[in-house]
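Residue numbering for the sequence shown follows our numbering, beginning at 213 and increasing consecutively. Worksheet: one structure, shown below.
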Amino acid sequence: MRVIGKKFFNNERAKVLAAEQTKLLFIVISRFVHIANISNQSTVNDNNDLNLDEQIPFSTSELDNTIQYIESLIDYMTYDPKVSTTGIIARNVIYYGAPGTGKSYSISQGKNENYFTRTVFHPDTQYSDFIGCLKPIMNNNSVGYQFRPGPFTIAIIKAISDPSSEYFLVIEEINRAAAAAVFGEIFQLLDRDENGESSYSIDVSDPDLLAYLNEKTLNKFSTGKLKIPSNLSLLATMNSSDQAVMPMDTAFKRRWQFKYLQIDYSKASKGTLNIPIESAGNITIQPIEWSILAMVINKHLATERIPEDRLLGHRFISETELQKDPDNTLKGKLLMYLWDDVLRHSQKTIIFKDEVIIHGQSVELINFSQLINAFEQGSTVFNNAIEESLLSKMAESVDTKTYLEYE
213 MRVIGKKFFN NERAKVLAAE QTKLLFIVIS RFVHIANISN QSTVNDNNDL NLDEQIPFST
273 SELDNTIQYI ESLIDYMTYD PKVSTTGIIA RNVIYYGAPG TGKSYSISQG KNENYFTRTV
333 FHPDTQYSDF IGCLKPIMNN NSVGYQFRPG PFTIAIIKAI SDPSSEYFLV IEEINRAAAA
393 AVFGEIFQLL DRDENGESSY SIDVSDPDLL AYLNEKTLNK FSTGKLKIPS NLSLLATMNS
453 SDQAVMPMDT AFKRRWQFKY LQIDYSKASK GTLNIPIESA GNITIQPIEW SILAMVINKH
513 LATERIPEDR LLGHRFISET ELQKDPDNTL KGKLLMYLWD DVLRHSQKTI IFKDEVIIHG
573 QSVELINFSQ LINAFEQGST VFNNAIEESL LSKMAESVDT KTYLEYE
């Protein structure tokens, strides 16, 4: 426009507009092209003498990158997280229940795994693990430092970068760490308004975190304020019966919805376990359906006021375990859980015999090794009430959905 206008325009005002006004547009376009291609292996980066006031990188790939860059800017500039045009309203939900009730499975059902960011809390999890921090890196032969994002920061960036999609930050075993301490100042963001966005913002106190957020979101956090967007849900699982759990205070818990998953025997893993059972003075090895065994054991535990979250979930033993290694699964998983966890502070005779046969001798059952020895030698280990219930349930059809319905 500048070259042709100066040469062919007759009107003096047109010549001025072509020469001067288009110069400003030229400079803006040249810089957009340059910025859009900085992260690419473009020749624009290799020429340190490039005069952006006089030259525009103009290859097809550079123009394509620039168009994509400008379109992404339009998305950022027009997105208002307070106005949900997609119907997405994020929430904070903790799934809890007995081990094996499918808490993690329920979270994933019907959702695309590409929209998940997953992490697992453990007793050593800290704020810096969850949010991110500076960590050393090797740069050629020297040591430098770089901000490494934690799962929370990664999830925030994904959600902000794609406001039309729903994203999920999944925290497995949230109560195995001191959750309120791990969240730190992010605790303030858990309050949600009617659209699912954080009701209150926080000032990002870590300059490295703020710089990383702005770098990855084209300065979406230029004000230094941080909120959880309305398209990012926080989903967590917990098992309150776990002996290594950390208590959660009321202020933290009230910012979450809690969803209890019941035991559903209709969804139990398919397969059998070989159980020694005594009947009419004879001991035989009976293949017992897992759903029947879990149902019977849970009934007796519930009768003795054992808390619901210590019972056996319908998927406590998987179908793979039942098919590939049922005997070791029974000994090393089921019997150990019942002995060490469920009945740790209760009478073992709720489930097991008070005496077992080991090497032909009747001995008092006082430790786990005796239990395993007796079982491996084909001796009965479950008490008479359990055995009678198993035989009774094997003789009739099982059509019960929850242990509360089993009478």
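Think of the CB as a built atom: it goes at the ideal place given N, C-alpha and C, for glycine as much as any other residue. Values in this document were obtained by computation on a predicted structure and should not be read as measured data.
Under 8 Å, do Arg330 and Val382 count as touching if we go by C-beta distance?
-> In contact: Arg330 and Val382 (Cβ atoms closer than 8 Å).
Is it right to say Arg527 is buried, meaning 16 or more other beta carbons lie within 10 angstroms of its own, or is it exposed?
-> Under this definition Arg527 is a buried residue.
Status (buried if at least 16 other CB within 10 Å, exposed otherwise) for His557 = Result: exposed.
Pull up the CB-CB distance for Tyr308 and Thr365, whole angstroms please, since I reckon it's below 8 Å.
-> The Cβ separation is near 26 Å, so there is no contact.
Of the listed residues Ala506, Leu534, Leu542, Gln535, nearest to Gly525 (C-alpha basis) = The candidate whose alpha carbon is nearest that of Gly525 is Ala506.
On a CA-only basis, which of Glu490, Ser581, Ser445 is nearest Gln469? Give me that one, please.
-> When each option's Cα is compared against that of Gln469, the closest is Ser445.
Okay, do the region 406 to 421 and the region 430 to 442 touch, 3+ Cβ pairs below 8 Å being the bar?
-> In this structure the region 406 to 421 lies against the region 430 to 442, because at least three pairs of beta carbons, one per stretch, are closer than 8 Å.
Distance between Arg243 and Glu224 (C-alpha atoms, nearest Å) | Each residue's Cα considered, the two are about 29 Å apart.
Inspect the beta-carbon positions of Thr561 and Glu490 and report whether they are closer than 8 Å.
-> No, the pair does not count as a contact, with Cβ atoms beyond the cut-off.
Are the beta-carbon atoms of Asn304 and Arg467 separated by less than 8 Å?
-> Contact check for Asn304 against Arg467 passes: the beta carbons are separated by less than 8 Å.
In this structure, what does DSSP give as the bridge partners for Met450?
-> Answer by DSSP bridge pairing, in chain order: Tyr308.
Of the residues Leu473, Val215, Gln498, the one placed nearest Glu266, counting alpha carbons only = Taking only the C-alpha atoms, the option nearest Glu266 is Val215.
So is Tyr472 buried or exposed if we call it buried at 16+ other beta carbons inside 10 Å?
-> Result: exposed.
Quick one, are the C-beta atoms of Ile504 and Met606 less than 8 Å apart?
-> Yes.
Quick one: which unbroken alpha helix (DSSP H) runs of 4-plus residues sit fully inside the region 372 to 433? Chain order, please.
-> Counting only runs of 4 or more residues that sit fully inside the region 372 to 433, the alpha helix (DSSP H) segments are 391 to 395, 419 to 428, in chain order.
The alpha helix (DSSP H) with Asn540 in it runs from where to where?
-> Residues 538 to 541.
With a CB to CB cut of under 6 Å and the five nearest residues on each side skipped, what residues in its chain are close to Asn451?
-> Excluding positions up to five away in sequence, the list reads Pro311.
DSSP on Gly483, reduced to helix/strand/coil?
-> For Gly483, the secondary structure class from DSSP, reduced to helix, strand or coil, is coil.
Length of the line joining the Cα atoms of Glu232 and Ile241 | Computed Cα separation, rounded: 15 Å.
Can you grab the Cα-Cα spacing for the pair Ala389 / Gln358, in whole Å?
-> One C-alpha to the other measures close to 26 Å.
Exposed or buried, which one is Pro375 when buried takes at least 16 other CB atoms within 10 Å?
-> Buried is the label assigned to Pro375, since at least 16 other Cβ atoms lie within 10 Å of its Cβ.
Can you name the start and end residues of the alpha helix (DSSP H) that Ile247 belongs to?
-> If you look at Ile247, you'll find it in the alpha helix (DSSP H) that goes 234 to 248.
For the alpha helix (DSSP H) containing Thr515, list its first residue and its last residue.
-> In this chain, the alpha helix (DSSP H) harbouring Thr515 covers 502 to 515.
Extent of the continuous beta strand (DSSP E) run through Phe470 = 469 to 472 is the extent of the beta strand (DSSP E) around Phe470.
Classify Ser442 as buried or exposed, calling it buried when 16 or more other Cβ atoms lie within 10 Å of its own Cβ.
-> It is buried - the Cβ of Ser442 has at least 16 other Cβ atoms within 10 Å.
Residue range of the beta strand (DSSP E) that Leu346 falls in?
-> Its beta strand (DSSP E) spans residues 344 to 351.
Since Ile386 and Thr449 are thought to touch, with beta carbons under 8 Å apart, how far apart are those beta carbons, to the nearest angstrom?
-> About 7 Å separates the two Cβ atoms, so the contact holds.
Note down, one range per segment and in chain order, each beta strand (DSSP E) of at least 3 residues found wholly within the region 547 to 615.
-> Along the length of the region 547 to 615, whole beta strand (DSSP E) runs at least 3 residues long occupy 567 to 570, 573 to 576, reported in chain order.
Expressed to the nearest angstrom, what Euclidean distance is found between the alpha-carbon atoms of Ser377 and Ala480?
-> Ser377 and Ala480: Cα-Cα distance of roughly 33 Å.
Residue interval of the beta strand (DSSP E) (run including Arg671) | What the structure shows of the chain is the stretch from 213 to 619, and residue 671 is not part of that stretch, so it cannot be assessed.
Exposed unless 16 or more other CB atoms sit within 10 angstroms - verdict on Ile189 = Any answer about residue 189 is impossible in this case: the structure gives the chain only from 213 up to 619.
For Gly356 versus Leu421, is the C-beta distance shorter than 8 Å?
-> Not in contact: Gly356 and Leu421 (Cβ atoms no closer than 8 Å).
Below 6 Å CB to CB, which residues in the same chain sit around Thr255 once its five sequence neighbours on both sides are set aside?
-> Model confidence at Thr255 stands at a pLDDT of 44, short of 50, so the residue's coordinates are unreliable and nothing is read from them.
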